[in-house]
Amino acid sequence: MNVAKPLKLYTLKEFEDLPKEDGWNYELIDGVVMMSPRPAMQHQIVSGNLYAELRNALRGKNCRPIPEIDLILEGNNLIPDMMVICNDTFDKKRYEQLPFIVIEIVSPTSSSRDYVSKRNLYEKLNIPEYWVISPEEKCVDVFCFADKKHFQYCTDQVKSCILPEIIITLDDIFA
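Residues in the sequence shown are numbered from 128 upward in steps of one, following the numbering used here.
See the structure below:
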């Protein structure tokens, strides 16, 4: 007879003490350890293009994009593909405040995590805005949690609802 074992939930300290293999990203989401392979080439191209466009849109502002750094909030350890932070300086290996925008780029293995698990968690954590970018569909979903709105951009430009200076042509992200 098969019997399901209860899922072990980890604290942030237990998670930090776990041995981790190179080539994998490890995240702690509501006590559950999630592993995913390092991003593939197309994912990294989209990430690089997005970073360049965000830097350009935010030039002269007190905001900046930060790629792939640990985000520690309420016992969770997340590694968003990109965050936009404002009015902050930090010199640590991780970020422990609410970013203005969190961005995830969907990989074949991360779709449900990005669209469901992380979306629900980011909303619960009061992140003002969350983007999910699909390189396959060439679309960007923008969830404006502060306003309880959702926009999907598949043509022309993507626009931030919290930082109006961010308007990016989709072709520049997916080129």
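The beta-carbon is built from N, C-alpha and C at its ideal position, and this holds for glycine as well.
DSSP three-state assignment for residue i, whether helix, strand or coil
i: Ser234; result: coil
i: Leu136; result: coil
i: Glu154; result: strand
i: Arg191; result: strand
i: Ile199; result: strand
i: Leu248; result: helix
i: Leu205; result: strand
Among the options, the one whose alpha carbon lies nearest that of residue i
i: Tyr141; options: Glu154, Lys265, Asp208 and Asp215; result: In the sequence on display, residue 141 carries Glu and not Tyr. With distances taken between Cα atoms, Glu141 lies closest to Glu154.
i: Met210; options: Pro192, Leu225, Lys220 and Arg221; result: Pro192
i: Met168; options: Pro226, Leu200, Val233 and Met161; result: Val233
i: Val243; options: Trp151, Pro133, Ile156 and Tyr137; result: Ile156
i: Glu143; options: Ile199, Phe272, Gln279 and Asp298; result: Ile199
i: Met162; options: Thr296, Gln224 and Asp149; result: Asp149
i: Asp208; options: Gly202, Asn214, Val160 and Arg165; result: Arg165
i: Cys281; options: Pro226, Gly175 and Asp298; result: Asp298
i: Ile294; options: Lys219, Gly202, Tyr178 and Tyr249; result: Tyr178
i: Pro255; options: His277, Ser239, Pro262 and His170; result: His277
i: Thr138; options: Ser174, Gly202 and Lys147; result: Gly202
i: Gly158; options: Asn183, Ser261, Leu205 and Lys220; result: Leu205
i: Ser174; options: Asp274, Ala131 and Val229; result: Val229
i: Phe272; options: Ser239, His170 and Arg246; result: Arg246
i: Ser237; options: His170, Thr216 and Lys286; result: His170
i: Leu252; options: Asp274, Ser261 and Gln224; result: Gln224
i: Pro235; options: Asn214, Tyr249, Trp151 and Pro262; result: Pro262
DSSP bridge partner residues for residue i (one or two, in chain order)
i: Phe270; result: Tyr257 and His277
i: Val229; result: Met210 and Tyr257
i: Tyr242; result: In the DSSP output, where bridge partners are listed per residue, Tyr242 has none listed.
First and last residue of the uninterrupted beta strand (DSSP E) at residue i
i: Val285; result: Gln284 to Lys286
i: Ser163; result: Val159 to Pro164
i: Ile172; result: Premise fails: Ile172 lies in the alpha helix (DSSP H), Met168 to Leu185, not in any beta strand (DSSP E).
i: Ile295; result: Ile294 to Thr296
Pair within 9 Å by beta-carbon distance, residue i and residue j
i: Glu231; j: Val269; result: no
i: Asp241; j: Tyr222; result: no
i: Ile212; j: Cys190; result: yes
i: Cys288; j: Gln279; result: no
i: Lys188; j: Glu264; result: no
i: Leu290; j: Phe227; result: yes
i: Asn183; j: Ala302; result: no
Neighbour flag for residue i against chain B, beta carbons, 9 Å
i: Glu195; result: The displayed structure is made up of one protein chain only, and chain B is not part of it.
Closer than 8 Å: residue i CB and nearest the ligand SAM heavy atom
i: Leu205; result: For the ligand SAM, the structure offers nothing, since it holds no ligand at all.
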